[in-house]
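Going down the list, the protein sequences come from chains D and X.
Converting from the first sequence to this note's numbering requires adding 2 to each position, the first position being numbered 1.
Converting from the second sequence to this note's numbering requires adding 462 to each position, the first position being numbered 1.
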Amino acid sequence: FVGAGGGNDIQWCFSQVKGAVDDDVAEADIISTVEFNHSGELLATGDKGGRVVIFQQEQENKTQSHSRGEYNVYSTFQSHEPEFDYLKSLEIEEKINKIRWLPQKNAAQFLLSTNDKTIKLWKISERDKRPEGYNLKEEDGRYRDPTTVTTLRVPVFRPMDLMVEASPRRIFANAHTYHINSISINSDYETYLSADDLRINLWHLEITDRSFNIVDIKPANMEELTEVITAAEFHPNSCNTFVYSSSKGTIRLCDMRASALCDRHSKLFEEPEDPSNRSFFSEIISSISDVKFSHSGRYMMTRDYLSVKIWDLNMENRPVETYQVHEYLRSKLCSLYENDCIFDKFECCWNGSDIVMTGSYNNFFRMFDRNTKRDITLEASRENNKPRTVLKPRKVCASGKRKKDEISVDSLDFNKKILHTAWHPKENIIAVATTNNLYIFQDKMN
Amino acid sequence: MLGKGGKRKFDEHEDGLEGKVVSPTDGPSKVSYTLQRQTIFNISLMKLYNHRPLTEPSLQKTVLINNMLRRIQEELKQEGSLRPVFVTASQPADPLGDNFREAQPAFSHLASQPLLPADLVSTTPLESCLTPASLLEDDTFCTSPTVQHDGLTKPPPPALQPVKDSFSSALDEIEELCPAPTSAEAVAAPAATGDSKDHPSEPNVQKAEGLSESRTAESKLMDPLPSNFEITTSTGFLTDLTLDDILFADIDTSMYDFDPCTSATGGASKMAPVSADELLKTLAPYSSQPVTPSQPFKMDLTELDHIMEVLVGS
């Protein structure tokens, strides 16, 4: 791993854990998305109950040089409420599917949060002073009779306890028939895209009553539907370029300058199937659950059920690197299909362009260093996690004799899945979400 | 799914299916391949039809399961095209044949492809069909060549057509009874999530799209529940798929009971359990009788009625 000493591996230490301690998980507390803001000072989580919780990093204490600032709750608000679609007689879940931060332009912070159908722009602002000294009201709040007011008193701002307010500034609704799976803010910071199973729409942040459809893969006859959109993202530097991935394992890169409706891709990234690995589940495990550009924009990473692939945008016919996340599951696909785990959507994230991270089962998460080609498996658990102790690498024993400290595939807990992870944009701090807890790990500072 | 961390265990016999990437061309493991395929087939059907969520099911999941079922169906079809497919005209006097003749029209007009029997009755001679050698060795799907050719050269019975028409009109009646909100949906969709003040200037693109969708949906006569298409494409798929299998099994069963048609190798006796098994297990949720693979499966009209009820009623 890239470390301070150049070539040293990062040593990850437990820093904090947020969330309930009991084993009984309340459905509403299930974390559904995790995202750092552009400076890394704020860390937002969304949950199945439609709430957003934002943590703020403490300013670094000069005397405490051993650790970076801790993250504490900064704001909590209800972003989405459950709705009922009377026509279809179905509930619209309030679960927050994605949160994306806007870059900071003034004192306030802005983020986009979305559920299956509606995207909202939230403004989070601080209030730490209030005007005091009005002489226009009685004690009980009623306005005084103006004839009794004989002096002119100018109110003065006085400090008050910090109050963080979240208010919805825009609501982007009614543009998606299917479930929204991605939102991505353009590098122009004026527009953003939202993608559902069959369509991708382009919005202007200021305009809520109109959106432009830029991709539509819905067939005329729904019976012919065999492929859906699974994720989409704008290129970090080219404001006309975006990619979207599909359930068949393909990624399409589109250029919005080419035409209004980008139904014809500029590039199609697809790796031919390995015939020796063919099975009934080949298609399902090839379905891409997440796509992320590297910070430079030269590479993109895709996550499918068993692996992480790095693609060079200049090469369409195969990825430049493939990392196996949990290959030992390949022989268990039938069971995983039966219990639905094969449909789990794991996300992935970058550290710049060098290290990638993704989650697995049993509360394990994995990191792959593209430079050293080394990988590591760590566990997010409250046991054996003391601050500033280095995390012990874990190993899963696929078959044969199990060594000491290894875990056999059959004793993995498939209910403990890490689907969402995030990496601080500037420092080696990572946020890892288990079902209902948020773990924060930092590298060991010397 | 969120239990207390208890690990689900798979059935004993299915443990044997795990750990092996079985391909159809493995000779000795052909049976385990078909067994695995059948298991996956049944699991897939269960997933689509036993799920009654309060919220809309994931379209991605539905599509992937549908694709799985379609792929298995394609494989079965290809294997089925090698079986001696016969038409009613060639078996006049047998009582089971009569049953079959009665039964077949009842089923065939339900098939979304009226020419489905034609699919089975391949127009290409057997020799030119690509067949994995293992199919010919283990489960001899083909029997005596003479019967093959008879079956292959017969056109589909013309009786299908008039029966289909009368049934599809009955289907239309049923459609009328079911609400068809596709056109209403498009108009009402803007109003459905009612808190935004953006309604008056709703994008016209969405509305126009929804209306044209409803027109194409309604123009399809063979779609029993157009209202569900937006939600689950699987409803239409079930009609397609399950009936195909019933159709297959029907033909197979008649073959099985016909002495002149079974070959000296006794291949048909191996063949029937595979298809009958699939059918039996598929129908198991709908029938209260325990079914065992060894029972020769006899289709009678009461069962047909029951199946019809289930399919149209779902």
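Built from N, CA and C at the ideal position, the CB exists for glycine as well.
- Query: Looking at the C-beta of isoleucine 286 of chain D, does it have a partner C-beta in chain X at a distance below 9 angstroms?
  - Reply: By this cut-off, isoleucine 286 of chain D is an interface position.
query: Would you report the Cα separation of alanine 621 of chain X and glutamate 226 of chain D, rounded to the nearest angstrom?
result: In this prediction, alanine 621 of chain X has a pLDDT of 40, which is less than 50 and means its spatial position is unreliable; nothing more can be read from the coordinates.
Report task. Spell out a yes or no on whether the segment 44–62 of chain D and the segment 72–82 of chain D are touching, meaning 3 or more CB-CB pairs, one atom from each, closer than 8 angstroms. Result -> Contact holds: three or more Cβ-Cβ distances are below 8 angstroms.
Within this structure, are the beta carbons of serine 81 of chain D and asparagine 39 of chain D separated by less than 9 angstroms? No, the Cβ-Cβ distance between serine 81 of chain D and asparagine 39 of chain D is not below 9 angstroms.
Discussion item. Short of 7 angstroms in beta carbon distance, which residues of its chain neighbour valine 166 of chain D, apart from the five on each side in sequence? Order them along the chain.
Written reply: So the qualifying residues of the chain are Tyr76, Ser77, Ile126, Glu128.
Mapping the DSSP letters down to three states, classify leucine 479 of chain X as helix, strand or coil. The predicted position of leucine 479 of chain X is uncertain, since its pLDDT is 44 and thus under 50; no value can be drawn from it.
Should lysine 743 of chain X be flagged as near chain D, meaning a C-beta pair shorter than 9 angstroms? Its pLDDT being 48, under 50, lysine 743 of chain X is placed unreliably by the model, and nothing is read from it.
task: Just confirm the distance between the C-beta atoms of glycine 51 of chain D and glutamate 96 of chain D, as a whole number of angstroms; I'd bet it's less than 8 angstroms.
output: Confirmed, Cβ separation roughly 7 angstroms.
Which of helix, strand or coil DSSP assigns to valine 434 of chain D:
Of the three classes helix, strand and coil, the one that applies to valine 434 of chain D here is strand, per DSSP.
- alanine 168 of chain D - partner residues in DSSP beta bridges: BP columns for alanine 168 of chain D point to D:Ile126.
Run down chain X in chain order and give the residues with a C-beta less than 7 angstroms from the C-beta of aspartate 199 of chain D. Under the 7 angstroms cutoff, chain X gives Leu521, Gln522.
If you draw a straight line from the alpha carbon of histidine 181 of chain D to that of cysteine 256 of chain D, how long is it in whole angstroms?
Taking C-alpha positions only, histidine 181 of chain D is separated from cysteine 256 of chain D by approximately 21 angstroms.
Query - Option nearest leucine 138 of chain D by Cα separation, candidates D:Ala400, D:Pro148, D:Lys131 - result: Out of D:Ala400, D:Pro148, D:Lys131, D:Pro148 has the C-alpha closest to the C-alpha of leucine 138 of chain D.
Check: Nearest-angstrom Cα distance between threonine 252 of chain D and leucine 763 of chain X?
Finding: C-alpha separation (whole angstroms): 47 angstroms.
Say whether chain D places a C-beta atom closer than 9 angstroms to the C-beta of glutamate 541 of chain X. No, glutamate 541 of chain X lies away from the interface with chain D (no Cβ there is under 9 angstroms from its Cβ).
query: methionine 162 of chain D: buried (16+ other C-beta within 10 angstroms of its C-beta) or exposed?
result: Burial is judged here by how many other beta carbons sit within 10 angstroms of a residue's own beta carbon; methionine 162 of chain D has fewer than 16 and is exposed.
Note to self: I'd like the ranges of any beta strand (DSSP E) spanning at least 3 consecutive residues and lying wholly in the segment 317–348 of chain D.
What the structure shows: Here the runs fully enclosed are 323–326.
query: If you check the beta carbons only, do glutamate 323 of chain D and arginine 372 of chain D fall under 9 angstroms apart?
result: Judged by beta-carbon spacing, arginine 372 of chain D lies within the 9 angstroms limit of glutamate 323 of chain D, meaning their Cβ atoms are closer than that value.
Through-space distance from arginine 300 of chain D to lysine 269 of chain D, alpha-carbon basis: Roughly 14 angstroms separates the two Cα atoms.
- Message: For aspartate 346 of chain D and serine 196 of chain D, what's the separation of their Cα atoms in angstroms?
- Response: Near 21 angstroms, if we compare the C-alpha coordinates of serine 196 of chain D and aspartate 346 of chain D.
**Study point:** Three-pair Cβ contact test at 8 angstroms for the segment 278–294 of chain D versus the segment 306–313 of chain D
**Key:** Below 8 angstroms, enough C-beta pairs join the segment 278–294 of chain D and the segment 306–313 of chain D to call them touching: three or more.
Legend entry - Cross-chain neighbours of valine 230 of chain D in chain X, by beta carbon under 8 angstroms: Scanning chain X for C-beta atoms nearer than 8 angstroms to the C-beta of valine 230 of chain D yields Leu521, Gln522, Val525, reported in chain order.
**Message:** For a cutoff of 9 angstroms on Cβ pairs, would you count tyrosine 339 of chain D as touching chain X?
**Reply:** It does; some Cβ of chain X falls within 9 angstroms.
(request) Using a Cβ-Cβ cut-off of less than 7 angstroms, list which residues of the segment 320–347 of chain D approach chain X; keep chain order. (result) Cβ contacts with chain X: Ser333, Lys334, Cys336, Ser337, Tyr339, Glu340, Asn341, Asp342, Phe345.
* Asked: Could you give the C-beta distance for isoleucine 442 of chain D and glutamine 18 of chain D, rounded to a whole number, given that I count them as a contact under 8 angstroms?
  -> About 4 angstroms separates the beta carbon of isoleucine 442 of chain D from that of glutamine 18 of chain D, a gap short enough to meet the 8 angstroms contact definition.
| query | Rounded C-beta distance between threonine 437 of chain D and threonine 360 of chain D? I'm assuming under 8 angstroms. | reply | With 8 angstroms as the limit, threonine 437 of chain D and threonine 360 of chain D do not qualify as a contact, their Cβ atoms being about 17 angstroms apart.
Checklist entry - In three-state terms, what does DSSP make of tyrosine 748 of chain X? => result With a pLDDT of only 47 at tyrosine 748 of chain X, under the threshold of 50, the placement of this residue in the model should not be trusted; the figure read from the coordinates follows. In the structure shown, tyrosine 748 of chain X sits in coil (DSSP, three-state: anything other than H, G, I, E or B).
*Classification of glutamine 61 of chain D by the beta-carbon crowding that lies within 10 angstroms, buried from 16 upward*: Glutamine 61 of chain D sits exposed, since fewer than 16 C-beta atoms from the chains shown fall within 10 Å of its C-beta.
Exercise. Could you tell me which chain X residues have their CB closer than 8 angstroms to the CB of lysine 50 of chain D, listed as they occur along the chain?
Key: Residues of chain X passing the Cβ test: none, with the nearest at roughly 11 angstroms.
Give the straight-line distance between the Cα atoms of glutamine 500 of chain X and serine 288 of chain D, rounded to the nearest whole angstrom. For glutamine 500 of chain X and serine 288 of chain D, the gap between their C-alpha atoms comes out near 22 angstroms.
What residue range is occupied by the uninterrupted alpha helix (DSSP H) comprising phenylalanine 503 of chain X?
In the DSSP assignment, phenylalanine 503 of chain X falls within the alpha helix (DSSP H) that extends over 492–511.
inquiry  = Under 9 angstroms, Cβ to Cβ, is there at least one residue of chain D near isoleucine 502 of chain X?
reply    = With respect to chain D, the C-beta atom of isoleucine 502 of chain X has a partner C-beta closer than 9 angstroms.
Point to revise | Three-state class that DSSP yields for proline 133 of chain D in the structure shown | key: The three-state reading of DSSP puts proline 133 of chain D in strand, counting E and B together.
At least one CB of chain D closer than 9 angstroms to the CB of asparagine 529 of chain X: is that the case?
Yes, asparagine 529 of chain X lies at the interface with chain D (some Cβ there is under 9 angstroms from its Cβ).
Query raised in the report: Looking at C-alpha atoms only, which residue of D:Ser240, D:Pro133, D:Ile216 is the closest neighbour of aspartate 265 of chain D?
Result: Taking only the C-alpha atoms, the option nearest aspartate 265 of chain D is D:Ile216.
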